[in-house]
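To start, the structure under review is shown below, and the notes come after it.
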Amino acid sequence: MSQEFQAPRGFHDIFGEDLKKFRHVSDTVRKILKSYNFEEIILPVVEFADLFERSIGEATDIVQKEMFVFEDKKGRRLALRPEGTAGAVRAYIQNRLFAERPYHRIFYEGPMFRHERPQAGRYRQFHQIGAEIFGADQPVADAEIIKISDEIVKALNVKARIEINSLGCKVCRPAYREALVGFLSGVSEKLCDVCKDRKERNPLRVLDCKVETCKEAVKEAPRTTDYLCEECERHYSEVKRLLDSLGVSYVENPHLVRGLDYYTRTVFEVVSEELGSAVIAGGRYDHLVEEFGGPSAPALGFAVGVERLALLVEVPKEEEPVYFLIPFGDVIPYALKVAEVLRAKGKTVELSLRKGNLRKQLDFANRRGFKYVVIVGEDEMKEGVITLKDMETGEQVRIRAEEVE
RNA sequence: GAGGGUGUAGCUCAGCUGGUAGAGCGGGGGACUGUGGAUCCCCAUGUCGCGGGUUCGAGUCCCGUCACCCUCCCCA
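If you're matching positions, the first sequence starts at 3 in our numbering and goes up one per residue.
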């Protein structure tokens, strides 16, 4: 067999066991979100490129080198979405959801695209489930979002720790940034080459660097939390107090900054030690809706990395039994009738297309792991019955299809 | 985008310093046309990722390319 085509780098077919894990993650997350009454919205995969450029930030890596950008026939710059929040904000404004009621909880699920080098748990097309709350400035909303993340990893039985931080707001962030830049120029020689560059472009990210010398250099750096204005401080304390009362365990990471420009105040990540990366992450973005021409609507949200979680989960085995129907001899029309009767009773029935004698058929059924086999031969047809065999016990009975329980 | 590794049958992998393809598992057929998990026999596993070069001769050496894995950058 010579093969002409393969999927492009970073694009994957998801099937078999992987798909079972994928669905398990997705179903679990959706169930939890629905229990909080989040409403689903299906968002387009393509948006105008500048939607992402202006929300995520021109200087970020996602925008600078990871976006799939292309032109339509009229020369407009479109992009495959690299994340979901920007599109959700656009939809919130465009559909005037803010006019319906003071706040909104929505969620969406689907593929995201980033043009980067694939690695374990990282693909060019990957899937996220994102949830957003629009029109809420209360700390309880932050606590709720983080609590949901905690519920998700617990429900999936995944080991992960929650890290939180506060980045401050329009009022306190500039002062902090200035202090940080000042500090960084002082330790400039100790920083790695990447960080020397980052210091100018995106100074907050230096705090996040994994190079040992940088970690060391940055130990005494000013912390975002030391520069919070009174309101941000109060907000952050309240979020923590609520998390404590909910029994959600977390660690404060003053160096957690996140890579997207739109974040304000609370940011958080749910980090898997095993993967060494975040499986859920999010935060507050209080000005984005307004910046995009909507009303003043403080908002927050998070995104769940479905593939990353799928790498970490075990799928519970509780599949419904499948009836494997073996027609034997010249009985196809009768066999089809039998299948119809069983399906009408809610059973899952697979008609065997395997050729060969009964022994082969049973051998095949055994290897496929079917719980039940239904044998329909000429004898059965004559009497209007079926032979139902339990493959685990080996017991079998001759009954009418209508009598199957 | 940078660095390293890998690519041989459906899967897991052998194949020594160049001499024209192997094993196990899996698959198909049979022993055995109405009763599975066992055993035995037989069969096919294939453009050795793809393209070029060196050579009398390339799975093996060289170059390019594509994909995957790992590290970095960054992120879910």
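Where a beta carbon is used, it is the ideal one built from N, C-alpha and C, also for glycine. Model, not experiment: these values are computed from the prediction.
| Item | Value |
| --- | --- |
| Cα-Cα separation, Leu230 to Gly137 | 22 Å |
| Cβ shell of Glu322 (< 7 Å), same chain only, five flanking positions each side left out | Thr350 |
| Run of the beta strand (DSSP E) containing Gln66, from where it starts to where it stops | It is not in any beta strand (DSSP E) - Gln66 instead sits in the alpha helix (DSSP H) that spans 63-67. |
| Delimiting residues of the alpha helix (DSSP H) encompassing Val291 | 290-293 |
| Separation of Leu311 from Leu277, as counted between CA atoms | 9 Å |
| Pair within 7 Å by beta-carbon distance, Val387 and Arg402 | yes |
| Classification of Phe7 by the beta-carbon crowding that lies within 10 angstroms, buried from 16 upward | exposed |
| Ala145 and Leu258 closer than 7 Å at C-beta | no |
| Pick from Leu290, Ala341, His237 that is closest to Ala88, judged by C-alpha positions | Leu290 |
| In chain order, each beta strand (DSSP E) run of at least 3 residues that lies wholly inside the stretch 298-370 | 301-307, 324-330, 350-353 |
| Given 8 Å, three or more beta-carbon pairs between the stretch 167-185 and the stretch 260-270 | yes |
| Rounded distance between the beta-carbons of Tyr238 and Thr266, thought under 8 Å | With a Cβ gap of about 11 Å, Thr266 and Tyr238 do not count as contacting. |
| First and last residue of the uninterrupted beta strand (DSSP E) at Val241 | From DSSP, Val241 is part of no beta strand (DSSP E) but of the alpha helix (DSSP H) over 232-248. |
| Selected residue, minimal CA-CA separation from Pro10, among Phe115, Asn97, Ala283, Phe72 | Phe115 |
| Own chain residues within Cβ distance below 8 Å of Ala51, not counting five before or after | Met69, Val71, Arg79, Leu80, Ala81 |
| Boundaries (first-last residue) of the alpha helix (DSSP H) holding Leu35 | 18-37 |
| Paired residues, beta bridge with Val48 - DSSP | Leu82 |
| Cβ contact (3+ pairs, closer than 8 Å) linking the stretch 188-196 and the stretch 152-168 | no |
| Per DSSP, the bridge partner or partners of Arg163 | Val273 |
| Residues sharing a beta bridge with Gln121, DSSP | Arg124 |
| Range of the contiguous beta strand (DSSP E) that encloses Val391 | Going by the sequence as given, residue 391 is Lys instead of Val. First-last of the beta strand (DSSP E) with Lys391: 388-392. |
| Same chain, Cβ closer than 7 Å to Gly383, five either side skipped, listed in chain order | The question names Gly, yet the displayed sequence has Met at residue 383. Here the set comprises Val333, Tyr336. |
| Contact the stretch 31-46 vs the stretch 101-116: 3+ CB pairs below 8 Å | yes |
| Where Gly396 sits in the DSSP three-state scheme | coil |
| Residues that Val253 bridges to, as DSSP identifies them | Glu165 |
| Three-state secondary structure assigned by DSSP to Tyr94 | helix |
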